[in-house]
Amino acid sequence: LAKTTQPISMDSYEGQEVNITCSHNNIATNDYITWYQQFPSQGPRFIIQGYKTKVTNEVASLFIPADRKSSTLSLPRVSLSDTAVYYCLVGDLNRDDKIIFGKGTRLHILP
Amino acid sequence: DAGVTQSPTHLIKTRGQHVTLRCSPISGHKRVSWYQQVLGQGPQFIFQYYEKEERGRGNFPDRFSARQFPNYSSELNVNALLLGDSALYLCASSSSAGANRETQYFGPGTRLLVL
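Protein sequence lines correspond, in order, to chains A and B. Each residue of the first sequence is one higher than the one before, counting from 7 in the numbering used here. Each residue of the second sequence is one higher than the one before, counting from 435 in the numbering used here.
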């Protein structure tokens with residue numbers, strides 16, 4: 007089972023770009039990398055998913071190097087409402103694996 | 435389209451009681467997973483069901499059980515409740531097996547407090 011390691015917390019300021027890196031050294035060939043955002047007492051919200059190189063959607067970008075042993079979630083021009091916990095997950099639901107959440111990264115956006 | 439729905443939203447029970455939590459997946463999703471999230475921690479995997487069969491189980495005691503119905507909705511049952519079972523219980527659904535990149539979508543959760 008691929009385990010992930012993320013920084014426990016990060017602070018940033020409104021309007022800045024925030025990059026959160028996740029390490030997953032034993033990622034398997036079929037594993038995808040998925041990031042979720044979670045606000046207190048709410049379910050995690052899907053942000054972005056990727057397999058390799060770069061993926062971009064309306065809220066974030068995901069950068070994955072060729073060896074896929076890490077990934078970086080990039081949030082452009084953050085606002086106060088981006089204060090949340092961000093989880094990096096690695097897995098393949100088709101394998102019926104347990105999907106493991108780490109402790110996540112607590113992102114605190116300052117005015 | 436409606437997202438994953440869970441009921442009830444909040445629940446208070448006492449030690450030793452039994453609880454049933456319910457989840458309705460996104461329409462067309464056949465895979466349902468359950469997670470327990472205690473305060474300050476990431477969600478912990480409990481069960482995964484696909485086509486009414488258990489496909490995965492986390493490190494939880496036998497007091498925890500679940501099932502999936504023909505309409506793909508699911509129930510999580512917890513017997514003999516302990517204080518430590520107080521948590522946010524999350525349900526997630528995803529599309530059918532065979533897709534290369536299934537994504538789990540989470541419900542709002544059920545907040546269980548055991549006194």
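Even for Gly, the Cβ is constructed at its ideal location relative to N, Cα and C. Please read all numbers here as calculations on a predicted model, not as lab measurements.
Inter-residue Cα distance where the pair is residue i and residue j
i             : j             : result
residue 477/B : residue 97/A  : 15 Å
residue 17/A  : residue 451/B : 42 Å
residue 529/B : residue 538/B : 8 Å
residue 115/A : residue 487/B : 43 Å
residue 479/B : residue 66/A  : 26 Å
residue 32/A  : residue 10/A  : 9 Å
residue 12/A  : residue 492/B : 22 Å
residue 77/A  : residue 449/B : 43 Å
residue 499/B : residue 49/A  : 21 Å
residue 495/B : residue 94/A  : 27 Å
residue 540/B : residue 462/B : 15 Å
residue 60/A  : residue 24/A  : 16 Å
residue 55/A  : residue 70/A  : 10 Å
residue 440/B : residue 483/B : 16 Å
residue 108/A : residue 504/B : 32 Å
residue 468/B : residue 460/B : 14 Å
residue 497/B : residue 507/B : 20 Å
residue 542/B : residue 15/A  : 24 Å
residue 437/B : residue 117/A : 32 Å
residue 58/A  : residue 518/B : 40 Å
residue 126/A : residue 513/B : Only positions 7 to 117 of chain A appear in the structure, and residue 126/A is not among them; the question remains open.
residue 111/A : residue 458/B : 29 Å
residue 47/A  : residue 442/B : 14 Å
residue 64/A  : residue 19/A  : 20 Å
residue 474/B : residue 68/A  : 25 Å
Other residues of its chain near residue i: CB distance less than 6 Å, five sequence neighbours each side excluded
i             : result
residue 37/A  : 8, 96, 97, 98
residue 447/B : 453, 515, 548
residue 472/B : 521
residue 21/A  : 83
residue 509/B : 454, 456, 501
residue 40/A  : 55, 95
residue 511/B : 454, 499
residue 43/A  : 51, 53, 90, 92
Reference residue i, options the options, closest by Cα
i             : options                    : result
residue 30/A  : 16/A, 72/A, 43/A, 23/A     : 72/A
residue 545/B : 497/B, 470/B, 438/B        : 470/B
residue 35/A  : 81/A, 79/A, 74/A, 109/A    : 74/A
residue 481/B : 105/A, 79/A, 60/A          : 105/A
residue 1/A   : 27/A, 45/A, 39/A, 41/A     : Outside the modelled stretch of chain A, which goes from 7 to 117, sits residue 1/A, for which no answer is possible.
residue 489/B : 466/B, 474/B, 475/B, 511/B : 466/B
residue 27/A  : 91/A, 80/A, 51/A, 90/A     : 80/A
residue 527/B : 485/B, 512/B, 443/B        : 485/B
Residues of its chain near residue i, where Cβ-Cβ distance is below 8 Å and the 5 sequence neighbours each way are ignored
i             : result
residue 533/B : For residue 533/B, the predicted structure reports a pLDDT of 47, less than 50, and the residue's modelled location is therefore unreliable. The matter cannot be settled from this model.
residue 445/B : 453, 455, 544, 545, 546, 547
Within chain C, partners of residue i - CB distance below 9 Å
i             : result
residue 545/B : Of the protein chains in this structure, namely A and B, none is chain C.
Residue i beta carbon near the ligand ZN (any heavy atom closer than 7 Å)
i             : result
residue 486/B : Summarising the ligand content, the structure contains no ligands, and the ligand ZN is consequently not present.
Proximal residues to residue i (C-beta, below 7 Å), its chain only, five neighbours per side dropped
i             : result
residue 89/A  : 113, 114, 115
residue 464/B : 484, 485, 506, 530
Closer than 9 Å, Cβ to Cβ, to anything on chain B: give me those residues from the region 13-40 of chain A, in chain order.
For chain B, the residues of the region 13-40 of chain A that bring a beta carbon within less than 9 Å of one of its beta carbons are 36, 38, 40, in chain order.
What are the residues in the region 516-529 of chain B lying within 7 Å of chain A by C-beta distance?
So the list reads 522, 524, 528, given in the order they occur along the chain.
Hey, which unbroken runs of the beta strand (DSSP E) at 3 residues or more fall wholly within the region 491-545 of chain B?
If we require 3 residues or more, the beta strand (DSSP E) runs fully inside the region 491-545 of chain B come out as 498-502, 508-512, 521-528.
When Cβ atoms are compared, which residues of the region 445-475 of chain B fall closer than 9 Å to chain A?
465, 467, 469, 471, 474, 475
In the region 26-105 of chain A, which residue ranges form an unbroken alpha helix (DSSP H) of at least 4 residues, counting only runs that do not cross its ends?
Runs of the alpha helix (DSSP H) inside the region 26-105 of chain A: none found.
Run through the region 463-493 of chain B for me and flag every whole beta strand (DSSP E) of 3 or more residues, listed as ranges in chain order.
465-471, 478-484, 487-491
Just by C-beta distance, which residues in the region 43-75 of chain A are closer than 8 Å to chain B?
47, 48, 49, 50, 51, 52, 55, 57
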